[in-house]
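A quick write-up on the structure given underneath.
Numbering (UniProt numbering), first residue to last: 1 to 122.
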């Protein structure tokens, strides 16, 4: 089973889930042992398929870090924290975490878009 390590220890994912916001982006950085990479990808694919069926899910994309040691970043867009909270708390998702190898460390954090004039829109 994977380990959770907050990106911001003073405001872990459990606290973020209590904030009502919309839309939101979940960014989850994973580190793991090279020997566990195939099993990680299999577990992530199953979780992504499960999340894709949940209300409020918009899209997801997995990225692998350039380098020899595997590190991954998942970027998932949700209609709201309420939708993501329901999916994240669902028994099927919670039980699926056991499929991840024990070397996997996940650092999830929820973000919102920021408007910067002339650069990006909210």
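Note that CB positions come from ideal geometry on N, CA and C, so glycine has one too.
- Query: What did DSSP end up calling residue 108 once you bin it into helix, strand or coil?
  - Reply: Counting from 1 along the chain shown, the entry for residue 108 is found at position 108. Reduced to three states, the DSSP call for residue 108 is strand.
- Out of curiosity, what's the CA-to-CA distance linking residue 68 and residue 104? In the chain shown, the residue the question calls residue 68 occupies position 68. In the chain shown, the residue the question calls residue 104 occupies position 104. Computed Cα separation, rounded: 16 Å.
- Query: Do you know whose CA, among 19, 97, 5, lies nearest residue 40's CA?
  - Reply: Position 40 of the chain shown holds residue 40. Comparing Cα-Cα distances from residue 40 to each of 19, 97, 5, the minimum goes to 97.
- From the DSSP output, which residues share a beta bridge with residue 72? For the purposes of this step, residue 72 is taken as residue 72 along the chain shown, with counting starting at 1. DSSP lists 30, 64 as partners of residue 72.
- Message: From the DSSP secondary-structure annotation, give me the bridge partner or partners of residue 77.
- Response: To locate residue 77, count along the chain shown from 1; it is residue 77. For residue 77, which the question treats as bridged, DSSP gives the partners 25, 59.
- Item | Nearest residue (CA-CA) to residue 72, options 84, 50, 34, 86 | Here residue 72 is taken as the residue at index 72 of the chain shown, counted from 1. Comparing Cα positions, the closest option is 34.
- When the Cα atoms are used, what is the spatial distance from residue 112 to residue 81? Here residue 112 refers to the residue found at position 112 of the chain shown. Here residue 81 refers to the residue found at position 81 of the chain shown. Residue 112 and residue 81: Cα-Cα distance of roughly 10 Å.
- Among all the DSSP beta bridges, which residues are the ones paired with residue 4? As a position in the chain shown, residue 4 is number 4, starting the count at 1. Bridge partners of residue 4: 106.
- Out of curiosity, what's the CA-to-CA distance linking residue 107 and residue 26? On the chain shown, residue 107 is found 107 positions in, with the first residue counted as 1. On the chain shown, residue 26 is found 26 positions in, with the first residue counted as 1. Their Cα atoms are separated by approximately 10 Å.
- Query: Terminal residues of the continuous alpha helix (DSSP H) containing residue 91?
  - Reply: Stepping through the chain shown from its first residue, residue 91 is reached at position 91. Looking at the DSSP string, the run of the alpha helix (DSSP H) that includes residue 91 is 91 to 96.
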